[in-house]
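Participant: Sharing a structure below in structure tokens format, with a few things to ask.
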Amino acid sequence: MGNYADLLREFFVTDFKLRYKHSYLGFLWVILKPLSYYVVLHTIWTSLFGNTENYASYLLLGILTLSYFTEGVNFGLQSLFNKAHIILKVNFPREIVVLSAIAIAMVNFLINLGIYFSFRIASKETLFSAHWYNFIIGFLLLSLFLLGIAFYTSIISIKYHDIKHLIELLLQLIFWATPVFYSLEQLPPHIANLIKNFNPLVTLLTLIRSGLLPSVDAPNLVSVLVLSAVIVVFTFAGYVVFKKTLPKIAEFF
Amino acid sequence: MPAITVKNLSKSFKIPHRKQTSITEFLSNPFATKREQDTLKVLDNCSFEIENGDTVGIVGVNGAGKSTLLKLLASIYLPDSGKIIIQGKVVPFLELGVGFNPELTGRENVFLNGIILGMSRKFLEKKFDEIVEFAELERFIDLPLKNYSSGMQVRLAFSIAFMSEADIYLLDEVFSVGDLAFQEKSKAIFQRLQQQGKTLLLISHSLPTIEGFCKKLLIVNQGKVTTYNSVKEGIEVYKSATNTI
């Protein structure tokens, strides 16, 4: 079991090192991507509808969370395929590859969050709201959800390459159907309800925001409990499917 | 108790006749959708045993199923049917330098490759100097691997691989690497493993290598595995079979 942790660490460190190895800005890309989103969305939204208190924080947290989700889904999807050359030669617990992919997305998120926090500290704002634990719960649930998604998609993508395009489309749609730059209250109630019921990211994002911003109300307890149960079952089932299916599809790589 | 017992092992791969790749293709010719699949029986009802401490060579023409057999033994593939019973720890690699990355330094690759092969970081730290010394790469170990010659890369890979401690080694074409001096060294390592009573299975196209090292021979041919207790006899059979084709 000691090797399990070593291997996870080794995959993680190697991929992290290599990701920006050949780029001039290197590691800065981790920060530049969400920042440029932020600049464009903030400029357009505030010039259309005017600035509101805390909008900058509201928007930035939305972008960072959505970026974490997008990266996590993409990295997870490619995780098995990118390690095919190792998987076909060495027998090791395959889920390590998936774990390390999600860990990279997670670390990118935490780095950006750290920078955001340092700005808030510099402007003497308090970091957490009274419901700080909501942030932790939201973050953990989102990470677990990403892991679950990766267990399914990484397997499916080996046999069906189409899923890459499908996921790309879904991620675009999810970006628009999640209150990243707008708030749910601004939508007509029937649409807001629709989005809230079908897009788990709405509740997750609200959890994360409500832990950090006093102006955002926490989602109601029942919806959080239901969502937690769904994510736990979804991810656990994903793990079982992953472990069962993977040995059978080694030859399809 | 034999180290490896294989009973009625079968493995086949499906090969679609016509590869239909997209819906547009399907729409342009909807009557050609009957997708016939050929099944290629790579291994068909094979049984054999390998005793503890044996060194067994595996030969066969290209595509005969040698690598598939090793992948089954390493549980990278699942058999369609049949049983594989293994007594002891199998080294989980078939090739040298798995996971090697040209952008990383030699040092980083030692840890990456070693850990992929199942060694712990602590163990590798202890053995690091020994690995580098055996590979004769002291001066280059902090250079990126892409600046190594291919011989140097294989030497490093070889040195890492044979640090791993296991009872059964599955080796797919790992010999004849490096220059003459290094080949001598790797032979010494190999003989040491034999003396320690390890079970070794090696695929090779080099008949002299097989004759030099192995005590038994497996011939993989048209889905069947035949065991020869005398390597000489096996090689004769193999040679004459290849000549007649």
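Respectively, the protein sequence lines represent chains A and B. All residue numbers for the first sequence refer to my numbering, where the first residue is 665 and numbers rise by one. All residue numbers for the second sequence refer to my numbering, where the first residue is 21 and numbers rise by one. Cβ atoms here follow ideal geometry from the backbone N, Cα and C, with glycine treated the same way.
Looking at C-alpha atoms only, which residue of B:Ile104, B:Leu191, B:Arg212 is the closest neighbour of isoleucine 230 of chain B?
Facilitator: On the second sequence, position 210 is the one that residue 230 of chain B refers to. Checking every option, the nearest Cα to that of isoleucine 230 of chain B belongs to B:Leu191.
Participant: Given a limit of 7 Å on CB to CB distance, which residues of the segment 669-699 of chain A reach chain B?
Facilitator: Asp670, Leu671, Glu674, Thr678, Leu682, Lys685
Participant: Strictly under 8 Å for the Cβ-Cβ distance: is leucine 124 of chain B near chain A by that measure?
Facilitator: For this step, residue 124 of chain B is matched to residue 104 along the second sequence. Interface residue, yes.
Participant: Taking the CB atoms as reference points, tell me whether serine 179 of chain B and glycine 77 of chain B lie closer together than 8 Å.
Facilitator: As a first step, residue 179 of chain B is located in the second sequence; it is residue number 159 there, counting from the start. As a first step, residue 77 of chain B is located in the second sequence; it is residue number 57 there, counting from the start. No. Outside cutoff.
Participant: Pull the bridge partners of cysteine 66 of chain B from the DSSP assignment, please.
Facilitator: One-based indexing of the second sequence puts residue 66 of chain B at position 46. According to DSSP, cysteine 66 of chain B bridges with B:Leu29.
Participant: So with CB distances below 7 Å, who are the chain B contacts of alanine 757 of chain A?
Facilitator: For this step, residue 757 of chain A is matched to residue 93 along the first sequence. A quick correction: the sequence has proline, not alanine, at residue 757 of chain A. Near proline 757 of chain A there are no residues of chain B at all, since even the closest Cβ is about 11 Å away, more than 7 Å.
Participant: When you compare the CB of glycine 77 of chain B with every CB in chain A, is at least one pair closer than 8 Å?
Facilitator: In the second sequence, counting from the first residue as 1, residue 77 of chain B sits at position 57. False, the Cβ-Cβ gap to chain A never drops below 8 Å.
Participant: Roughly how many angstroms lie between the CA atoms of glycine 812 of chain A and serine 67 of chain B, to the nearest whole one?
Facilitator: As a position in the first sequence, residue 812 of chain A is number 148, starting the count at 1. As a position in the second sequence, residue 67 of chain B is number 47, starting the count at 1. Between glycine 812 of chain A and serine 67 of chain B, the C-alpha separation is close to 40 Å.
Participant: Could you tell me which chain A residues have their CB closer than 7 Å to the CB of alanine 285 of chain B, listed as they occur along the chain?
Facilitator: This structure does not reach residue 285 of chain B, given that chain B is present from 21 up to 265, and the question cannot be answered.
Participant: Within the segment 81-116 of chain B, note down every full alpha helix (DSSP H) run reaching 4 residues or more, in order along the chain.
Facilitator: 86-93
Participant: Does glutamate 33 of chain B have its Cβ less than 8 Å from a Cβ in chain A?
Facilitator: Translated into the one-based positions of the second sequence, residue 33 of chain B becomes position 13. In the sequence under discussion, the amino acid at residue 33 of chain B is phenylalanine, which differs from the glutamate named in the question. So, interface residue.
Participant: If distances are taken between C-alpha atoms only, which option among A:Val704, A:Phe713, A:Leu763, A:Leu730 comes closest to phenylalanine 906 of chain A?
Facilitator: In the first sequence, counting from the first residue as 1, residue 906 of chain A sits at position 242. Its Cα nearest to that of phenylalanine 906 of chain A, the residue A:Leu763 stands out among A:Val704, A:Phe713, A:Leu763, A:Leu730.
Participant: Alpha carbon to alpha carbon, what distance is there between arginine 758 of chain A and isoleucine 96 of chain B?
Facilitator: The residue labelled residue 96 of chain B in the question sits at position 76 within the second sequence. The residue labelled residue 758 of chain A in the question sits at position 94 within the first sequence. Computed Cα separation, rounded: 11 Å.
Participant: Are the C-beta atoms of alanine 794 of chain A and some chain E residue less than 8 Å apart?
Facilitator: No chain E appears in this structure, whose protein chains are A and B.
Participant: Can asparagine 121 of chain B and leucine 132 of chain B be called in contact, C-beta distance under 8 Å?
Facilitator: As a first step, residue 121 of chain B must be located in the second sequence, where it is residue number 101. As a first step, residue 132 of chain B must be located in the second sequence, where it is residue number 112. Their beta carbons are under 8 Å apart, which means asparagine 121 of chain B touches leucine 132 of chain B by this criterion.
Participant: On the DSSP bridge list, what partners appear for proline 164 of chain B?
Facilitator: Taking the first residue of the second sequence as 1, we reach residue 164 of chain B at position 144. B:Thr125, per the DSSP bridge assignment.
Participant: Using DSSP with H/G/I as helix, E/B as strand and the rest coil, what is leucine 830 of chain A?
Facilitator: The count along the first sequence starts at 1 and reaches residue 830 of chain A at position 166. Here leucine 830 of chain A sits in helix by DSSP.
Participant: Using the three-state DSSP reduction, which class does valine 897 of chain A fall into: helix, strand or coil?
Facilitator: Taking the first residue of the first sequence as 1, we reach residue 897 of chain A at position 233. The answer is helix: DSSP assigns valine 897 of chain A an H, G or I state.
Participant: When Cβ atoms are compared, which residues of the segment 85-110 of chain B fall closer than 7 Å to chain A?
Facilitator: Ala94, Ser95, Ile96, Tyr97, Leu98
Participant: For glutamate 231 of chain B, which residues in chain A fall below 8 Å Cβ to Cβ?
Facilitator: Within the second sequence, numbered from 1, the residue matching residue 231 of chain B stands at position 211. Ordered by position in chain A, no residue passes the 8 Å Cβ test against glutamate 231 of chain B, which lies about 27 Å from the chain.
Participant: Here's the rule I'm using: 16 or more other beta-carbon atoms within 10 Å means buried, otherwise exposed. How should lysine 86 of chain B be labelled?
Facilitator: The residue given as residue 86 of chain B occupies position 66 in the second sequence. Buried.
Participant: Is threonine 716 of chain A near the ligand GDP - that is, is its Cβ less than 7 Å away from at least one heavy atom of it?
Facilitator: This structure lacks the ligand GDP, and indeed carries no ligand of any kind.
Participant: Please state if the CB of isoleucine 831 of chain A and the CB of leucine 910 of chain A are separated by a distance shorter than 8 Å.
Facilitator: As a working note, residue 910 of chain A is residue 246 in the first sequence. As a working note, residue 831 of chain A is residue 167 in the first sequence. Going by C-beta atoms, leucine 910 of chain A is not nearer than 8 Å to isoleucine 831 of chain A.
Participant: Just how far apart, CA to CA, sit valine 771 of chain A and leucine 806 of chain A?
Facilitator: Indexing the first sequence from 1 puts residue 771 of chain A at position 107. Indexing the first sequence from 1 puts residue 806 of chain A at position 142. Spanning the two alpha carbons is a distance of roughly 13 Å.
Participant: In or out: valine 880 of chain A buried (at least 16 other Cβ within 10 Å) or exposed?
Facilitator: The residue you call residue 880 of chain A lines up with position 216 of the first sequence. Buried, because 16 or more other Cβ atoms sit within 10 Å of the Cβ of valine 880 of chain A.
Participant: Tell me the DSSP bridge mates of threonine 870 of chain A?
Facilitator: Within the first sequence, numbered from 1, the residue matching residue 870 of chain A stands at position 206. Residue pairing by DSSP leaves threonine 870 of chain A without any beta bridge partner.
Participant: Extract the residue ranges of the alpha helix (DSSP H) inside the segment 759-822 of chain A, only unbroken runs of 4 or more that lie entirely within it.
Facilitator: You should have 759-786.
Participant: Anything in chain B within Cβ reach of leucine 752 of chain A, meaning under 8 Å, just list it in chain order.
Facilitator: Against the first sequence, residue 752 of chain A aligns to sequence position 88. What leucine 752 of chain A touches in chain B: Lys91, Ile96.
Participant: Per DSSP, what are the beta-bridge partners of aspartate 679 of chain A in this structure?
Facilitator: Numbered from 1 along the first sequence, position 15 holds the residue referred to as residue 679 of chain A. None; aspartate 679 of chain A has no bridge partner.
Participant: Helix, strand or coil: how does DSSP classify glycine 740 of chain A here?
Facilitator: Here residue 740 of chain A refers to the residue found at position 76 of the first sequence. In this structure, glycine 740 of chain A counts as helix in the three-state DSSP scheme.
Participant: Am I right that isoleucine 760 of chain A and tyrosine 668 of chain A are in contact with their C-beta atoms under 8 Å? What's the rounded C-beta distance?
Facilitator: Numbered from 1 along the first sequence, position 96 holds the residue referred to as residue 760 of chain A. Numbered from 1 along the first sequence, position 4 holds the residue referred to as residue 668 of chain A. Contact holds; Cβ gap of about 7 Å.
Participant: Distance, Cα to Cα, tyrosine 732 of chain A vs glutamate 193 of chain B?
Facilitator: Here residue 732 of chain A refers to the residue found at position 68 of the first sequence. Here residue 193 of chain B refers to the residue found at position 173 of the second sequence. For tyrosine 732 of chain A and glutamate 193 of chain B, the distance between alpha carbons rounds to 43 Å.
Participant: Note down, in chain order, each residue of its chain lying with its Cβ closer than 8 Å to the Cβ of phenylalanine 792 of chain A, except the 5 sequence neighbours on either side.
Facilitator: As a position in the first sequence, residue 792 of chain A is number 128, starting the count at 1. Taking phenylalanine 792 of chain A as the centre and dropping the five residues before and after it, the same chain places the C-beta of Phe799, Gly875, Leu876 closer than 8 Å to its C-beta, in chain order.
Participant: Compare the beta carbon distance of isoleucine 105 of chain B and threonine 25 of chain B with 8 Å and say whether it is the shorter of the two.
Facilitator: Position 85 of the second sequence holds residue 105 of chain B. Position 5 of the second sequence holds residue 25 of chain B. The answer is yes: Cβ separation under 8 Å.
Participant: Are the beta-carbon atoms belonging to methionine 139 of chain B and serine 206 of chain B less than 8 Å from one another?
Facilitator: Counting from one through the second sequence, the residue named residue 139 of chain B turns up at place 119. Counting from one through the second sequence, the residue named residue 206 of chain B turns up at place 186. No, these two residues do not count as a Cβ contact at 8 Å.
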